[in-house]
Amino acid sequence: MAARADVDSLLSGDLGNWLQSQVAVRAAAKDKAHWRWTISFAVLFPLLAFMWFGPDWGTEPKFWITAIPAALLGYWGYRPIAAAKKDIKVGINAAIAASIGLEYSHDLEPGEEWDLSRSFGLVPSFDRVTFEDDWNGALGGHTFRLYEAHCEERRGSGKSRHWVTVFRGAIIRIASQRRFHGVTLLQRAKKHRSFFGLGGRKDSVTLGGQVLGLVDMVNPEFQDVFALWSTDQVEARWLAHPEYIERLVDLERAFNGKDVRTLFHRGELVIAIESGNMFESGSMNPHEDHAKVRECNEQFASLASLADELNRDRGAA
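Per this note's numbering, residue 901 is the first one in the sequence shown, and the count goes up by one each step.
Next up, the structure:
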């Protein structure tokens, strides 16, 4: 039942033909970028040379007068490449999604899964966030949605103020055939420690307006890696059984990610996984297309496997 696209068929069919037509488009984008950078250098270099070797205005003003125009012209030159990469990325990702019955959109508005991720601490606090790469539809018969979130925090003061990434990865929502009695959160063991971490884990945490108690893991081997919190101790042990946790770890590997955390809420499972910038299948090198398509395909196969495990009937909790 795994939603695994036939990569060879995709690349030998319409997608492969379209990618072949993009070879010339990529070359033209590179040529346009190089032309813009050449023009920028020809105009900017004599002016900067006069400024640096001419009147003494001080080093700091000269630095900023150099850096700002250089950055703007560098961005102007790179825009044709960025546009070509985005078009190819959207084309590849949309073809993969359609082949397994999904829809893909580069731009999106987050949904309830994002609100739950924030309320229950699946993502850290941040000052700004951007989203991209929305995959949604039915995966293996289960309604689901996946997109990327990039959360940043403003740090430092004065001239040293800068943006720091505090979370970049996937937010995933998978519907279940079962409606959960309680709310269960599976986090890494390092989260929710007691005061200064001296007393181990807290006995309970209050998240999303609910008190979740610490639950002993079924398999002690996972106790040092994960922490389980829930409003229903019995259901939590049933949900976070060893096979399920092993599939979560497999999902983490498939996304080349880390620190996967999950929330069972009503009839849905919400997953947050730090995985960097994913689904960047838009490459300026045509020889990378095969590998990019296969990588996306494997990620969705892992998702389908997790959805199947979530909905597998193992008896009542």
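Note that CB positions come from ideal geometry on N, CA and C, so glycine has one too.
Beta-bridge partners of residue i, as assigned by DSSP
{"i": "His-1042", "result": "Leu-1039"}
{"i": "Lys-1220", "result": "Residue 1220 cannot be examined here, being either before or after the span of the chain that is shown, 901 to 1217."}
{"i": "Gly-1113", "result": "Ser-1104 and Ser-1130"}
{"i": "Asp-1034", "result": "Ser-1005"}
{"i": "Cys-1051", "result": "Val-1029 and Phe-1067"}
{"i": "His-1165", "result": "Glu-1168"}
With 16 other Cβ atoms within 10 Å as the buried cut-off, status of residue i
{"i": "Leu-1046", "result": "buried"}
{"i": "Leu-1086", "result": "buried"}
{"i": "Asp-1033", "result": "buried"}
{"i": "Leu-972", "result": "exposed"}
{"i": "Ser-1202", "result": "buried"}
{"i": "Thr-1084", "result": "buried"}
{"i": "Gly-1182", "result": "buried"}
{"i": "Ser-1057", "result": "exposed"}
{"i": "His-1187", "result": "exposed"}
{"i": "Trp-1129", "result": "buried"}
{"i": "Ile-1145", "result": "buried"}
{"i": "Glu-1143", "result": "exposed"}
{"i": "Ala-982", "result": "exposed"}
{"i": "Gln-1077", "result": "exposed"}
{"i": "Phe-1200", "result": "buried"}
{"i": "Phe-922", "result": "According to the sequence provided, residue 922 is Gln. The question's Phe does not apply to it. Buried is the call here."}
{"i": "Ile-988", "result": "buried"}
{"i": "Ser-1060", "result": "exposed"}
{"i": "Arg-1161", "result": "buried"}
{"i": "Gly-913", "result": "exposed"}
{"i": "Val-1105", "result": "buried"}
{"i": "Ala-933", "result": "buried"}
{"i": "Pro-980", "result": "buried"}
{"i": "Asp-1007", "result": "exposed"}
{"i": "His-1042", "result": "buried"}
{"i": "Phe-1044", "result": "buried"}
Endpoints, alpha helix (DSSP H) assigned at residue i
{"i": "Gly-991", "result": "959-999"}
{"i": "Glu-1174", "result": "That residue, Glu-1174, is in no alpha helix (DSSP H); its beta strand (DSSP E) goes 1168-1174."}
{"i": "Gln-1123", "result": "Counting along the chain, Gln-1123 falls outside any alpha helix (DSSP H), and DSSP gives it neither H nor E."}
{"i": "Val-1064", "result": "Looking at the DSSP string, Val-1064 is not in any alpha helix (DSSP H); the run it does join, the beta strand (DSSP E), is 1062-1075."}
{"i": "Asp-1015", "result": "1012-1019"}
CA-to-CA distance, residue j to residue i, given in whole angstroms
{"i": "Asp-1159", "j": "Glu-1152", "result": "8 angstroms"}
{"i": "Asn-993", "j": "Leu-948", "result": "43 angstroms"}
{"i": "Ala-927", "j": "Phe-950", "result": "35 angstroms"}
{"i": "Pro-1024", "j": "Glu-1174", "result": "11 angstroms"}
{"i": "Ile-1171", "j": "Leu-1163", "result": "6 angstroms"}
{"i": "Leu-911", "j": "Ser-999", "result": "12 angstroms"}
{"i": "Arg-936", "j": "Ile-968", "result": "17 angstroms"}
{"i": "Trp-1014", "j": "Gly-1021", "result": "11 angstroms"}
{"i": "Ser-909", "j": "Cys-1196", "result": "15 angstroms"}
{"i": "Val-1111", "j": "Asp-1103", "result": "10 angstroms"}
{"i": "Trp-964", "j": "Gly-1167", "result": "54 angstroms"}
{"i": "Ser-959", "j": "Ser-1005", "result": "Note that residue 959 is Thr in the sequence shown here, rather than Ser. So the alpha carbons of these two residues sit roughly 47 angstroms apart."}
{"i": "Gly-1108", "j": "His-1165", "result": "11 angstroms"}
{"i": "Ala-1089", "j": "Asp-1124", "result": "6 angstroms"}
{"i": "Ala-1218", "j": "Gly-916", "result": "Missing from the structure shown is residue 1218; the chain here goes from 901 to 1217 and no further."}
{"i": "Gly-1001", "j": "Phe-1179", "result": "17 angstroms"}
{"i": "Trp-918", "j": "Pro-955", "result": "55 angstroms"}
{"i": "Leu-1233", "j": "Val-1066", "result": "Here the chain covers residues 901 to 1217 and nothing more, so residue 1233 does not appear."}
{"i": "Glu-1009", "j": "Pro-961", "result": "41 angstroms"}
{"i": "Tyr-978", "j": "Gly-1069", "result": "25 angstroms"}
{"i": "Asp-1116", "j": "Leu-1148", "result": "18 angstroms"}
{"i": "Ala-995", "j": "Lys-985", "result": "15 angstroms"}
{"i": "Val-990", "j": "Glu-1012", "result": "25 angstroms"}
{"i": "Ser-1205", "j": "Gly-1040", "result": "8 angstroms"}
{"i": "Asp-1132", "j": "Lys-930", "result": "57 angstroms"}
{"i": "Thr-938", "j": "Asp-1150", "result": "47 angstroms"}
{"i": "Pro-946", "j": "Trp-976", "result": "19 angstroms"}
{"i": "Val-943", "j": "Ser-1017", "result": "49 angstroms"}
{"i": "Arg-1079", "j": "His-1141", "result": "17 angstroms"}
{"i": "Val-925", "j": "Asn-1185", "result": "12 angstroms"}
{"i": "Asn-1036", "j": "Phe-1126", "result": "28 angstroms"}
N- and C-terminal bounds of the beta strand (DSSP E) containing residue i
{"i": "Leu-944", "result": "Element bounds for Leu-944: not the beta strand (DSSP E) but the alpha helix (DSSP H), 914-953."}
{"i": "Arg-1088", "result": "1084-1088"}
{"i": "Ser-1005", "result": "1002-1005"}
Closer than 8 angstroms: residue i CB and nearest the ligand NAD heavy atom
{"i": "Thr-1162", "result": "Ligands in the displayed structure: none, and consequently the ligand NAD is not present."}
Quick check: the stretch 1020-1029 against the stretch 1050-1060, are there 3 or more CB pairs under 8 angstroms? yes
Touching or not, the stretch 1119-1137 and the stretch 1177-1192, by the rule of three or more beta carbon pairs under 8 angstroms? no
Taking 8 angstroms as the threshold, find out whether the stretch 1064-1076 comes into contact with the stretch 1107-1122 through three or more Cβ pairs. no
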